[in-house]
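Let me begin by presenting the structure, written as structure tokens, before commenting on it.
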Amino acid sequence: MIIVHKYGGTSVATTEKIMNIAKYLGSVKDAGNDVVVVVSAMGKTTDALIKLAREITDKPDSREMDRLMSTGEQQTIALLSIALQTLGYEAISLTGAQAGIKTSGHYTKNKIADINGKEIKEHLSQGKIVVVAGFQGINEAGDVTTLGRGGSDTSAVALAAALGGKCEIYTDVDGIYTIDPRVYKKAKKLPVISYDEMMELAFLGAGVMEPRAVELGSKYGVEIYVGKSLGEKNGTIITSVEKVKENKEMEEKVITGVSINENMVMVNVEEITTNAQNIYEIFEKAEASGINIDMISQNDVTSHHGSFAFTCPKTDIAALEKIGEEIESEFPQTSFIINPYVTKVSIVGIGLISNIGVAAKMFKTLAENDISFHQISTSEISISLVVDEVMGKRIAELFAKEFDL
Ligand code: ADP
Ligand code: ASP
Ligand code: MG
Numbered sequence: 001m002i003i004v005h006k007y008g009g010t011s012v013a014t015t016e017k018i019m020n021i022a023k024y025l026g027s028v029k030d031a032g033n034d035v036v037v038v039v040s041a042m043g044k045t046t047d048a049l050i051k052l053a054r055e056i057t058d059k060p061d062s063r064e065m066d067r068l069m070s071t072g073e074q075q076t077i078a079l080l081s082i083a084l085q086t087l088g089y090e091a092i093s094l095t096g097a098q099a100g101i102k103t104s105g106h107y108t109k110n111k112i113a114d115i116n117g118k119e120i121k122e123h124l125s126q127g128k129i130v131v132v133a134g135f136q137g138i139n140e141a142g143d144v145t146t147l148g149r150g151g152s153d154t155s156a157v158a159l160a161a162a163l164g165g166k167c168e169i170y171t172d173v174d175g176i177y178t179i180d181p182r183v184y185k186k187a188k189k190l191p192v193i194s195y196d197e198m199m200e201l202a203f204l205g206a207g208v209m210e211p212r213a214v215e216l217g218s219k220y221g222v223e224i225y226v227g228k229s230l231g232e233k234n235g236t237i238i239t240s241v242e243k244v245k246e247n248k249e250m251e252e253k254v255i256t257g258v259s260i261n262e263n264m265v266m267v268n269v270e271e272i273t274t275n276a277q278n279i280y281e282i283f284e285k286a287e288a289s290g291i292n293i294d295m296i297s298q299n300d301v302t303s304h305h306g307s308f309a310f311t312c313p314k315t316d317i318a319a320l321e322k323i324g325e326e327i328e329s330e331f332p333q334t335s336f337i338i339n340p341y342v343t344k345v346s347i348v349g350i351g352l353i354s355n356i357g358v359a360a361k362m363f364k365t366l367a368e369n370d371i372s373f374h375q376i377s378t379s380e381i382s383i384s385l386v387v388d389e390v391m392g393k394r395i396a397e398l399f400a401k402e403f404d405l
């Protein structure tokens with residue numbers, strides 16, 4: 001059986017931790033498994049690398065940023081391989097490119113286009129533990145690329161899918177909770193969660209998993225185990241709705257979790273003729289800069305003159321400012337206002353599909369606590385609100401209490 005393990009930044013933050021992981025991986029190998037391990041950069045290395053570039057300029061070239069950021073993971077793969085070898089195991093480190101991970105898309109936010117697992121399988125057949133750099137791949141131009149922050153999860157699930165293996169994600173929290181346990185101490189650990197709910201929670205801000213990793217798991221039917229302790233299996237399994245329903249430990253609830261996304265900005269475009277052509281022009285510019293537009297709302301307009309708002313990731317602020325300058329010079333009466341002091345709070349649950357009254361309950365909580373909001377959006381299984389940043393955690397806690405999470 002091929003098992004793909006993934007260890008995040010905190011888990012590999014010191015050589016002592018790396019040595020402990022090596023010992024555990026050795027025991028998994030000794031039990032007769034073929035072991036592939038994906039690692040992130042040590043501790044806050046990726047942040048430190050980004051900071052270095054920002055010491056030079058606010059707007060570093062994204063191709064060069066990929067080159068720079070990809071170096072973090074390369075330290076870890078070498079150190080973990082050295083640790084495994086010291087323990088007497090045959091191990092080899094591979095960069096994303098060497099592991100056959102091909103990517104496409106924009107620099108710094110690439111997607112995995114294809115994985116050729118031949119190289120890894122050859123090493124496995126020679127009895128080696130294969131240590132792969134997460135978060136990176138190679139594009140058609142032959143450049144090293146990265147998959148967006150938190151992208152090592154995606155590397156791990158994609159490798160498990162390509163190699164036909166199991167996937168285990170080890171992180172600094174012992175499973176998936178109903179709400180980030182750092183925000184709400186009374187959050188409950190979920191034994192299982194469906195792909196769809198996890199994808200939605202992750203997409204809406206629960207940073208414990210990268211949403212694309214969950215999407216790949218769902219697409220290729222790879223169950224994802226998320227946990228902390230090496231050896232003990234007391235974490236959470238991300239799996240199909242059918243398997244979640246079979247799990248006796250799961251309580252039936254309408255809402256499964258709450259997520260908070262602080263990594264976002266809201267843009268208000270005011271005094272613009274809100275016809276499709278103008279809005280297309282703005283979003284076309286955003287697309288050309290690789291900005292992922294999230295919620296869009298339009299204020300009540302008369303004779304198509306009014307304002308609209310949208311949200312997108314905080315990391316796109318530099319590109320947004322540039323677009324704002326272009327729009328304001330093209331439409332002199334228009335204001336393009338970027339508000340970084342907002343947070344999105346969302347409730348997520350498959351139960352939303354078949355239960356009425358959830359929105360009423362949510363707004364009752366807001367009304368009772370005299371809380372205002374900027375934007376609302378819904379999907380089949382979630383309701384999201386954009387609120388002032390200072391209110392985000394309080395609202396999340398109120399929802400957790402209201403929905404017994
Ligand atoms: P890694 O470096 O291992 O990838 P991350 O920092 O990306 O780890 O993810 C783990 C963190 O995710 C936890 O420390 C926790 O604060 C946060 N988190 C957010 N939402 C949740 C949730 N619903 N359940 C568990 N952890 C969560
Ligand atoms: N090291 C990268 C990051 O910090 C990738 C990851 O940790 O998954 O975003
Ligand atoms: Mg992560």
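With this note's numbering applied, the sequence shown covers 1 to 405. Using N, Cα and C, we set each Cβ at its ideal position, and we do this for glycine too.
Who are the Cβ neighbours of residue i in its own chain at under 8 Å, not counting the five residues just before and after it?
i, result
"Asn-355", "Val-254"
"Ile-77", "Val-39, Ser-93, Leu-94, Thr-95, Val-131, Val-132, Ala-133"
"Asp-34", "Met-1, Ile-2, Ile-3, Leu-124, Gly-165"
"Thr-156", "Just to set this straight, residue 156 is Ala in the shown sequence, not Thr. Closer than 8 Å at the Cβ level, and outside the excluded window around Ala-156, lie Val-4, His-5, Lys-6, Val-38, Gly-134, Cys-167, Ile-169, Ala-213."
"Ala-53", "Pro-60, Glu-64, Met-65, Leu-68"
Confirm the yes/no value for this check: CB of residue i, any heavy atom of the ligand ASP, distance under 7 Å.
i, result
"Thr-46", "yes"
"Arg-67", "no"
"Ala-202", "no"
"Gly-8", "yes"
"Asp-316", "no"
"Glu-73", "yes"
"Ala-158", "no"
"Ala-99", "no"
"Ser-152", "yes"
"Phe-135", "yes"
When you measure from the CB of residue i to every non-hydrogen atom of the ligand ADP, does any distance come out below 7 Å?
i, result
"Tyr-177", "yes"
"Pro-313", "no"
"Pro-181", "yes"
"Lys-171", "Position check: residue 171 holds Thr in this sequence, whereas Lys was assumed. For the ligand ADP, at least one heavy atom lies less than 7 Å from the Cβ of Thr-171."
"Ser-40", "yes"
"Ser-155", "no"
"Gly-257", "yes"
"Ser-93", "no"
"Ser-104", "no"
"Ser-11", "yes"
On the three-state DSSP scale, how would you describe residue i?
i, result
"Ile-385", "Ile is not the amino acid found at residue 385; the sequence shown has Leu there. Strand, per DSSP."
"Gly-306", "strand"
"His-5", "strand"
"Leu-80", "helix"
"Leu-405", "coil"
"Tyr-107", "coil"
"Gly-137", "strand"
"Thr-334", "coil"
"Tyr-24", "helix"
"Ser-240", "coil"
"Gly-72", "helix"
"Tyr-89", "coil"
"Thr-14", "coil"
"Ile-120", "helix"
"Ser-62", "helix"
Consider the C-beta atom of residue i and the heavy atoms of the ligand MG; say whether any pair is separated by less than 7 Å.
i, result
"Gly-420", "Residue 420 is absent from the structure shown; the chain starts at 1 and stops at 405."
Pick out whichever of the options has its Cα sitting closest to the Cα of residue i.
i, options, result
"Lys-344", "Arg-394, Lys-17, Val-38", "Arg-394"
"Met-207", "Pro-181, Leu-190, Ile-293, Gly-231", "Note that residue 207 is Gly in the sequence shown, not Met. For Gly-207, the nearest C-alpha among the options comes from Pro-181."
"Met-69", "Thr-76, Gly-9, Thr-45", "Thr-45"
"Gln-333", "Asp-316, Ala-187, Gly-306", "Gly-306"
"Ser-81", "Leu-52, Tyr-107, Lys-128", "Lys-128"
"Asp-388", "Val-28, Phe-373, Gln-74", "Phe-373"
"Lys-364", "Glu-380, Lys-401, Phe-331", "Lys-401"
"Thr-146", "Lys-121, Thr-103, Val-342, Asn-292", "Thr-103"
"His-106", "Asp-294, Lys-322, Glu-287", "Glu-287"
Beta-carbon separation of residue i and residue j under 8 Å?
i, j, result
"Ile-112", "Gly-137", "yes"
"Ala-309", "Asn-268", "yes"
"Lys-233", "Asp-172", "no"
"Ile-347", "Val-258", "yes"
"Gly-117", "Ala-162", "yes"
"Val-265", "Pro-340", "yes"
"Gly-217", "Val-226", "no"
"Ile-272", "Phe-283", "no"
Going by beta carbon distance, what residues of the same chain come within less than 7 Å of residue i, once the five residues before and after it are set aside?
i, result
"Gly-32", "none"
"Asp-247", "Reading the sequence as shown, one finds Asn at residue 247 and not Asp. Pro-191, Val-192."
"Val-183", "Ile-260, Lys-393, Ala-396"
"Leu-87", "Ala-22, Lys-23, Gly-26"
"Ile-353", "Glu-380, Ile-381"
Less than 6 Å between C-beta atoms, sequence neighbours within five positions excluded: which residues of the same chain meet that for residue i?
i, result
"His-5", "Val-37, Glu-168"
"Ile-18", "Val-12, Leu-79, Leu-80, Ala-83"
"Glu-368", "none"
"Ile-337", "Asn-268"
"Asp-370", "none"
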